[in-house]
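S.K.: My structure is below; once you've seen it, I'll send some questions.
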Amino acid sequence: GERSLPGALKALGLLPLAEREVRLGGIRHAVAPAVILAAAMILVAFQVIPVAIAFFGAAVVMIAIGSIRMREAYAALDGPVLVLIAALIPVSQAIQTTGGADLIGGWLSAMFQGQAPMLALAAIMAVAMAATPFLNNAATVLIVAPVGAALALKLGLNPDPFLMAVAVGAACDFLTPIGHQCNTLVMGPGGYRFSDYPRLGTPLTLLVLVVGTPLITLFWPLVRG
Numbered sequence: 382g383e384r385s386l387p388g389a390l391k392a393l394g395l396l397p398l399a400e401r402e403v404r405l406g407g408i409r410h411a412v413a414p415a416v417i418l419a420a421a422m423i424l425v426a427f428q429v430i431p432v433a434i435a436f437f438g439a440a441v442v443m444i445a446i447g448s449i450r451m452r453e454a455y456a457a458l459d460g461p462v463l464v465l466i467a468a469l470i471p472v473s474q475a476i477q478t479t480g481g482a483d484l485i486g487g488w489l490s491a492m493f494q495g496q497a498p499m500l501a502l503a504a505i506m507a508v509a510m511a512a513t514p515f516l517n518n519a520a521t522v523l524i525v526a527p528v529g530a531a532l533a534l535k536l537g538l539n540p541d542p543f544l545m546a547v548a549v550g551a552a553c554d555f556l557t558p559i560g561h562q563c564n565t566l567v568m569g570p571g572g573y574r575f576s577d578y579p580r581l582g583t584p585l586t587l588l589v590l591v592v593g594t595p596l597i598t599l600f601w602p603l604v605r606g
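Here the numbering used here is used: the first residue of the sequence shown is 382, the next is one more, and so on.
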């Protein structure tokens, strides 16, 4: 009947996107994950241990205390994405060690020499936004970040805001349904077409560029003090 979860969904005209096992537990499932995450972030913030070790250790602790099952941990791993990132790590290193990042950064710096530094920052964010639909947000950072850092150094600017611009641009794909899992998830239930994404996403992309670029410079100045 309507008292059951499937009945309630049907009565409300809702479409379940995925079925999940609902587990109601005690402190292990409610408070422990938040405490473990906070502890890992504090250790990283105070540079006690590296990021990779801190969060891998947090995952191991959560499995050890039963907050998450090993089967669920394996199911959460996205195999194709892991392979893509693993394959692009040596590509990113090659771009840096062979001088490719410096070469591309030199080309870009020639374009923005004498221009407002904010334009170069917006341009590197736009490059990350353009690349992330075809790669992946993490893979885009691996490829574009060395170029952004090289561009900043060629222009005599602080690399930090350029790296943040790459991170923001790689996370903001509003133009395609394939650049982010959320875009793909809502396409079917929402009845969207591919053409709807650039039509609605272009204003949002421009808004991120116009608002995000100066906001980044407020926290990470273009020129070191």
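Note that beta-carbon positions come from the ideal geometry of N, C-alpha and C, so glycine has one too.
At a cut-off of 8 Å, would you count ALA507 as near the ligand ZN, judging by its Cβ distance to the nearest heavy atom?
M.R.: The ligand ZN is not among the ligands present in this structure, which contains no ligands whatsoever.
S.K.: State the DSSP-derived secondary structure class of GLY382, mapped to helix, strand or coil.
M.R.: Annotation note: pLDDT 45 at GLY382 (below 50); position unreliable, no value reported.
S.K.: Are ALA504 and LEU489 touching if we call contact CB-CB under 9 Å?
M.R.: yes
S.K.: Taking 9 Å as the cut-off, decide whether the C-beta atoms of VAL589 and CYS553 are in contact.
M.R.: The answer is yes: Cβ separation under 9 Å.
S.K.: Can you tell me whether PRO542 is buried or exposed, with buried defined as 16 or more other CB within 10 angstroms of its CB?
M.R.: buried
S.K.: According to the neighbour-count rule (16 or more other Cβ atoms, all chains shown, within 10 Å of its Cβ), is TYR578 buried or exposed?
M.R.: buried
S.K.: PRO602 and MET499 look like a contact to me (Cβ under 8 Å); what is the Cβ gap, rounded to whole Å?
M.R.: Rounded, the Cβ-Cβ distance is 12 Å, inconsistent with contact.
S.K.: Distance check for VAL412 and SER576, CA to CA, integer angstroms please.
M.R.: Between SER576 and VAL412, the C-alpha separation is close to 43 Å.
S.K.: Can you give the Cα-Cα distance for GLY582 and LEU556, rounded to whole angstroms?
M.R.: 5 Å
S.K.: Closer than 8 Å is the cut-off here; do at least three beta carbon pairs connect the stretch 424 to 435 with the stretch 445 to 459?
M.R.: The answer is no - the stretch 445 to 459 does not touch the stretch 424 to 435, with fewer than three Cβ pairs under 8 Å.
S.K.: For a test of the three-state rule: what should DSSP assign to GLY572, helix, strand or coil?
M.R.: The answer is coil: DSSP assigns GLY572 none of H, G, I, E or B.
S.K.: Buried or exposed: LEU566, going by 16 or more other Cβ atoms within 10 Å of its Cβ?
M.R.: exposed
S.K.: Would you kindly check if the distance between the Cβ of ALA509 and the Cβ of ALA546 is under 9 Å?
M.R.: yes
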